[in-house]
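Chemist: Quick one: structure below, then a few questions.
Number of protein chains: 2
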Amino acid sequence: MVKPQLRISESTIHRLSIYYRALNRLERENYETISSKELAKREKLTPAQVRKDLSFFGSFGTRGLGYPVTELRDKIAEILGINRSWSVALVGVGNIGSALVSYKEFQKQGFRIRKIFDNDQRKIGSNHKGIIVSDADDIVTELRDSKIEIVVIAVPSLVAQMIVDDVVRAGIKAILNFAPINLKVPDDVYLRNENMAMELEYLSFSLCNDEAQL
Amino acid sequence: MVKPQLRISESTIHRLSIYYRALNRLERENYETISSKELAKREKLTPAQVRKDLSFFGSFGTRGLGYPVTELRDKIAEILGINRSWSVALVGVGNIGSALVSYKEFQKQGFRIRKIFDNDQRKIGSNHKGIIVSDADDIVTELRDSKIEIVVIAVPSLVAQMIVDDVVRAGIKAILNFAPINLKVPDDVYLRNENMAMELEYLSFSLCNDEAQL
DNA sequence: CTGCGGTTGTGAAACGTTTCACAACAAATA
DNA sequence: TATTTGTTGTGAAACGTTTCACAACCGCAG
Numbered sequence: 132m133v134k135p136q137l138r139i140s141e142s143t144i145h146r147l148s149i150y151y152r153a154l155n156r157l158e159r160e161n162y163e164t165i166s167s168k169e170l171a172k173r174e175k176l177t178p179a180q181v182r183k184d185l186s187f188f189g190s191f192g193t194r195g196l197g198y199p200v201t202e203l204r205d206k207i208a209e210i211l212g213i214n215r216s217w218s219v220a221l222v223g224v225g226n227i228g229s230a231l232v233s234y235k236e237f238q239k240q241g242f243r244i245r246k247i248f249d250n251d252q253r254k255i256g257s258n259h260k261g262i263i264v265s266d267a268d269d270i271v272t273e274l275r276d277s278k279i280e281i282v283v284i285a286v287p288s289l290v291a292q293m294i295v296d297d298v299v300r301a302g303i304k305a306i307l308n309f310a311p312i313n314l315k316v317p318d319d320v321y322l323r324n325e326n327m328a329m330e331l332e333y334l335s336f337s338l339c340n341d342e343a344q345l
Numbered sequence: 132m133v134k135p136q137l138r139i140s141e142s143t144i145h146r147l148s149i150y151y152r153a154l155n156r157l158e159r160e161n162y163e164t165i166s167s168k169e170l171a172k173r174e175k176l177t178p179a180q181v182r183k184d185l186s187f188f189g190s191f192g193t194r195g196l197g198y199p200v201t202e203l204r205d206k207i208a209e210i211l212g213i214n215r216s217w218s219v220a221l222v223g224v225g226n227i228g229s230a231l232v233s234y235k236e237f238q239k240q241g242f243r244i245r246k247i248f249d250n251d252q253r254k255i256g257s258n259h260k261g262i263i264v265s266d267a268d269d270i271v272t273e274l275r276d277s278k279i280e281i282v283v284i285a286v287p288s289l290v291a292q293m294i295v296d297d298v299v300r301a302g303i304k305a306i307l308n309f310a311p312i313n314l315k316v317p318d319d320v321y322l323r324n325e326n327m328a329m330e331l332e333y334l335s336f337s338l339c340n341d342e343a344q345l
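Listed in order, the protein sequences are those of chains Z and P.
Mapping of the first sequence onto my numbering: residues 132 to 345, in sequence order.
Mapping of the second sequence onto my numbering: residues 132 to 345, in sequence order.
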């Protein structure tokens, strides 16, 4: 079903996420099928782009009709690997960490936070949405024997590399990092960075170069 | 100093953000100059990319020596428009909103949250880091006569379009949206989306397609 | 069964970004 | 001054992504 990989670009994967959400909305609006034209219009993309993105993984549409909404949504979920649930651990329950524990969108897509770590004695042992915060010093041992597949890092930049080293040592292969720093990980570990200030900086740049841009 | 714009790509701007942070660290480590080679190595980029990115805006380096750390940092701050402070309003003090109010990285780069809105009666009037939460119904009037330049939207998807319409009506030209939905804004308004689930989905995809990728 | 309007899937063209490769130059050394 | 080492700035090549354009096909109407 899912075609042999011929190196899918990052942009394509990100657009799949977008299509996934759009299709969920369409389903709620009782659409049965959707054309690449309309889907593109809704998400400010081009029809050709929608079709090409999907064609990397198979042919899911019907000529003359478009794509079946629910079926395509499920297909994309399968491609992205969100047709299942993932066990996630969170390191750091400061501002951002706490927000993530309650972030509905994670849960909705099957990302379940099952362990929380912090190095602040006042937080260790406390309860966040039913999870007892563990000591960050125990990361390696606690993760090694767990079923955790993805670790989210929401600690200050200064300690982030230390934490990530532990996480790698525990055998974790996928890390989402919120610290605004470039972490070093071995080649076989997937690392993604989420830096919320960067988008604000982009806005700042846009405002400063206004008339030139549009 | 800053060259005539010849359409700078999004990736280049994002890398400028990265250089900016790297240079700050280098300054703290007492580097006086840095070569494109070393800077690239630190941030897992290529030297040519560093040089080309910078060359769009001028020539800041010295052949044989490299780039002066502090001077280049300041130059990039000027290009990105973060050598000043920006007045920001936040709409929605739920999980994410509250985290953003205390998010140090925003303040550090000159993004100052000066107004907060919410539509929850229990939150209106409450105090977040010295700011009294206003009624979201008053967004248009409150923003119109304010000095707010950027609005951050951290409300549920269902109400996000309504809020953004008000924000646009108030004359705001730059919006950072955390709701996982594609908002519609006029062409002259800059809109950026921050979707934290998307990066997790990317990790999920990577794990599912592991052996094929690396 | 034929023809028509609509839409997909995809090779090829167009476009954009990254990498290469080297002339130009700075500093240091002799 | 001449030579060597090191690094920038940049045009051009290589590469990657997006857009174009159209054959193939679906459903429907006559």
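C-beta atoms are modelled at their ideal positions from N, C-alpha and C, and glycine is treated no differently.
(1) Are any of the Cβ atoms in chain P nearer than 8 Å to that of Z/F242?
(2) Note down the Cα distance separating P/R173 from P/I165, rounded to an integer number of angstroms.
(3) Given a limit of 9 Å on CB to CB distance, which residues of the region 226-238 of chain P reach chain Z?
(4) So, for P/Y151: in the same chain, excluding its five sequence neighbours on each side, which residues have a beta-carbon less than 7 Å away from its beta-carbon?
(5) So, does the CB of P/M329 fall closer than 8 Å to a CB anywhere in chain Z?
(6) From the DSSP output, in three-state form, read off Z/A220 for me.
(7) May I have the straight-line CA-CA distance separating P/V316 from P/K304, to the nearest angstrom?
(8) Run through chain P and tell me which residues come within less than 8 Å of Z/F188, C-beta to C-beta.
(9) For Z/I247, name the three-state secondary structure that DSSP assigns.
(10) Report the option in Z/R146, Z/Y333, Z/L338 and Z/L274 whose CA atom is closest to the CA atom of Z/V219.
(11) Along chain P, which residues have their Cβ under 7 Å away from the Cβ of Z/K304?
(12) Find out if the Cβ-Cβ distance for the pair Z/E280, Z/W217 is shorter than 8 Å.
(13) Any idea which residues DSSP pairs P/A305 with across the strands?
(14) Below 8 Å on the Cβ atoms is my guess for P/R300 versus P/V271; work out the distance and round it to an integer in Å.
(15) Is there a C-beta anywhere in chain P that falls below 8 Å from the one on Z/Q140?
(16) Measure the CB-CB distance between Z/N313 and Z/I284 and report whether it falls below 8 Å.
(17) With Z/R257 as the anchor, note down where its beta strand (DSSP E) starts and where it stops.
(18) Use the C-beta contact count for Z/S257: other C-beta atoms within 10 angstroms, 16 or more gives buried, fewer gives exposed.
(19) Cβ of P/I284 less than 8 Å from any chain Z Cβ?
(20) Report all residues from its chain with a CB closer than 6 Å to the CB of Z/G197; omit the five preceding and five following residues, and keep chain order.
(21) Could you check whether the region 319-335 of chain P touches the region 221-240 of chain Z, counting it as contact only if at least three pairs of C-beta atoms, one from each stretch, sit closer than 8 Å?
(22) Should P/A211 be flagged as near chain Z, meaning a C-beta pair shorter than 8 Å?
(23) Let me confirm a value: P/E160 is counted as buried when at least 16 other C-beta atoms fall within 10 Å, else exposed. Which label applies?
(24) Counting C-beta neighbours from all protein chains within 10 Å, is the total for P/K175 16 or more, i.e. buried, or is it exposed?
(25) For P/S265, report the span of its beta strand (DSSP E) as first-last.
(26) Count the C-beta pairs between the region 223-232 of chain Z and the region 183-203 of chain Z that are closer than 8 Å, then say yes if the count reaches three, no if not.
(27) Determine the burial state of P/R146: buried for a count of at least 16 other Cβ atoms within 10 Å of its Cβ, exposed for fewer.
(28) Counting only C-beta atoms, is P/R173 closer than 8 Å to chain Z at any point?
(29) By the 10 Å Cβ neighbour count, where 16 or more other Cβ atoms means buried, how is Z/S148 classified, buried or exposed?
(30) Using 8 Å for Cβ pairs, my map puts Z/F248 next to Z/V222. What's the rounded Cβ distance?
(31) Could you name the residues of the same chain whose beta carbon sits closer than 8 Å to that of P/L232, not counting the 5 residues immediately before and after it, in chain order?
Modeler: On the basis of the data shown:
(1) yes
(2) 11 Å
(3) N226, I227, G228, S229, A230, L231, V232, S233, Y234, K235, E236 and F237
(4) R204, I207, A208 and L211
(5) yes
(6) strand
(7) 10 Å
(8) Under the 8 Å cutoff, chain P gives no residues; its nearest Cβ is about 11 Å from Z/F188.
(9) strand
(10) Z/L274
(11) L338
(12) yes
(13) P/Y321
(14) 5 Å
(15) Checking the displayed sequence, the identity of residue 140 of chain Z turns out to be Ser instead of Gln. Closer than 8 Å: no.
(16) no
(17) Note on identity: in this sequence residue 257 of chain Z is Ser, with Arg being the wrong assignment. That residue, Z/S257, is in no beta strand (DSSP E); it is neither H nor E in DSSP.
(18) exposed
(19) no
(20) T164, I165 and S166
(21) yes
(22) The sequence as given places Leu at residue 211 of chain P; Ala does not occur at that position. Closer than 8 Å to some Cβ of chain Z, the Cβ of P/L211 qualifies, so yes.
(23) exposed
(24) exposed
(25) I262 to D266
(26) no
(27) buried
(28) yes
(29) buried
(30) 5 Å
(31) Checking the sequence, you will find Val at residue 232 of chain P rather than Leu. Closer than 8 Å at Cβ, skipping near neighbours: L221, V224, I244, I247, H259, K260 and I262.
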